[in-house]
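Residue numbers (the numbering used here): 41 to 172.
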């Protein structure tokens with residue numbers, strides 16, 4: 041059975057604005073911050089969510105990814121969806137490709153400039169990448 045990749049970012053809440061600003065500056069390879077999706081989220085979630093969108097490429101539709109605060113000091117990928125599909129139509133492989141692309145294209149560019157710990161793994165394995 042295919043395992044969905046899990047991507048988390050551990051960051052002190054006081055350093056969250058600085059981390060998100062650094063991430064916004066590092067966005068590339070078609071990724072942009074999706075402020076409209078953040079505005080449409082529940083008012084209670086807005087301080088705890090950051091949404092990103094990527095143009096269609098490599099034989100896949102445009103994608104959206106949301107990071108939401110999972111615990112006091114941890115963000116996690118809460119949602120991956122394609123603009124032309126319903127969430128139930130996305131395969132595990134497709135979700136994994138989007139998560140891995142976001143990790144390599146964006147988060148990987150700020151590893152050395154942030155105090156955040158960035159982890160990516162699947163449920164069946166321990167964290168394979170831990171940076172800080």
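Backbone N, C-alpha and C define an ideal beta-carbon position, used for all residues, glycine too.
Remember, predicted model here, so these are calculated numbers, not experimental data.
| Check | Outcome |
| --- | --- |
| Of all the beta strand (DSSP E) runs that stay within the bounds of the region 59-91, which reach a length of 3 or more residues? | 71-73 |
| Measuring straight from C-alpha to C-alpha, what distance separates residue 77 and residue 93? | 9 Å |
| Compute the Euclidean distance between the alpha carbons of residue 111 and residue 148, then round it to the nearest angstrom. | 22 Å |
| Leaving out five residues before and five after residue 145 in sequence, what residues of the same chain have Cβ atoms less than 7 Å from its Cβ? | 68, 69, 71 |
| Where residue 102 and residue 54 are concerned, what is the direct C-alpha to C-alpha distance, given to the nearest angstrom? | 32 Å |
| Can you tell me where the alpha helix (DSSP H) holding residue 142 begins and where it ends? | 132-145 |
| Which residue wins for smallest C-alpha separation from residue 105, given the options 117, 155, 47? | 117 |
| In three-state DSSP terms, what is residue 48? | strand |
| Can you tell me whether residue 156 is buried or exposed, with buried defined as 16 or more other CB within 10 angstroms of its CB? | buried |
| Please list the terminal residues of the continuous beta strand (DSSP E) segment that includes residue 54. | No beta strand (DSSP E) holds residue 54; DSSP gives it neither H nor E. |
| Can you tell me whether residue 141 is buried or exposed, with buried defined as 16 or more other CB within 10 angstroms of its CB? | buried |
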